[in-house]
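Read the structure below first, then the notes.
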Amino acid sequence: NAGIEYTKKGITVDSYMRTSKKHIYAVGDCNGQTLFSHAAMHQGMLALMHAVSPFSMPFLKRERYVVPWSVFTEPEVAQVGLTEKEAREKGFNIEVIKKDFRSYGRTVADGHPEGFIKIVTDSGGRIHGATIVGENASELIHEWTMAIQYKKKMHHLMMMQHSFPSISMINKMVTENWMMGKMKAPWLQKLIKKLV
Numbered sequence: 073n074a075g076i077e078y079t080k081k082g083i084t085v086d087s088y089m090r091t092s093k094k095h096i097y098a099v100g101d102c103n104g105q106t107l108f109s110h111a112a113m114h115q116g117m118l119a120l121m122h123a124v125s126p127f128s129m130p131f132l133k134r135e136r137y138v139v140p141w142s143v144f145t146e147p148e149v150a151q152v153g154l155t156e157k158e159a160r161e162k163g164f165n166i167e168v169i170k171k172d173f174r175s176y177g178r179t180v181a182d183g184h185p186e187g188f189i190k191i192v193t194d195s196g197g198r199i200h201g202a203t204i205v206g207e208n209a210s211e212l213i214h215e216w217t218m219a220i221q222y223k224k225k226m227h228h229l230m231m232m233q234h235s236f237p238s239i240s241m242i243n244k245m246v247t248e249n250w251m252m253g254k255m256k257a258p259w260l261q262k263l264i265k266k267l268v
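All residue numbers for the sequence shown refer to our numbering, where the first residue is 73 and numbers rise by one.
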């Protein structure tokens, strides 16, 4: 018995993946944090970097990272961050932007028009969650993962150029739809009328 603390969920770890014995790390399913192979690989990388680093690196803390997940069905399903329901339950004042795959010619031309992207933001455009159902959802989710992890807003993704007609262009189109919604704000419409 190594004297390592654990619960029914798994081995107890801190933000750096250390057990109650600070020289022993526990990554992956054994700690019960996030039961995905990609999360285990990420935890292993964080633990290794922390174990060999001669100085503190706060960016290695586990809670700084969000974990996307994907289901490889037809169509694929991918999600990261909060769902609409979770965001509402947390009391966030949210906006939901949704774009159907069939509204983008590339998905239609590829023969995969089924699906959608649904983004949960606050009124200032900070991205709290993304759900994607459709062809390549497992690839499209990564852009949203980075945005949530680094606390980016919709306009940051909107201003990033995407190759056309790449499948990831649909991510940019979602942000453009968000901006078009903002352009309909009554105060902005009044300002435009005064200027025109």
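Every residue, glycine too, gets a C-beta built ideally from N, C-alpha and C.
- The continuous beta strand (DSSP E) containing Val205 extends over residues Ile199 to Gly206.
- In the DSSP assignment, the residues bridged to Gly153 are Gly201.
- Between the alpha carbons of Glu148 and Ile220 lies a gap of roughly 21 Å.
- Contact between the stretch 198–213 and the stretch 152–164 is present: 3 or more CB-CB pairs across the two stretches fall below 8 Å.
- At a Cβ-Cβ threshold of 8 Å, Trp259 and Thr193 do not count as neighbours.
- Runs of beta strand (DSSP E) with 3 or more residues, each lying fully within the stretch 175–237, are found at 187–194 and 199–206, listed in chain order.
- The C-beta of Phe173 has 16 or more other C-beta atoms within 10 Å across all chains shown, which makes the residue buried.
- Bridge pairing for Arg90: Tyr97 [DSSP].
- Using a Cβ distance threshold of 8 Å, Val138 and Gly116 do not count as a contacting pair.
- Scanning Met230, Ile169, Phe236 and Val268 for the CA closest to the CA of Gly253 turns up Ile169.
- The three-state reading of DSSP puts Ser142 in strand, counting E and B together.
- The continuous stretches of alpha helix (DSSP H) do not include Ile169, which lies in the beta strand (DSSP E) extending over residues Ile166 to Asp172.
- DSSP places Ile76 in the coil class of the three-state scheme, outside both helix and strand.
- Lys133 is a Cβ neighbour of Tyr88, given a cutoff of 8 Å.
- Where Lys244 is concerned, the enclosing alpha helix (DSSP H) starts and stops at Met241 to Met255.
- Annotation: the continuous alpha helix (DSSP H) that includes Val124 extends over Ser109 to Val124.
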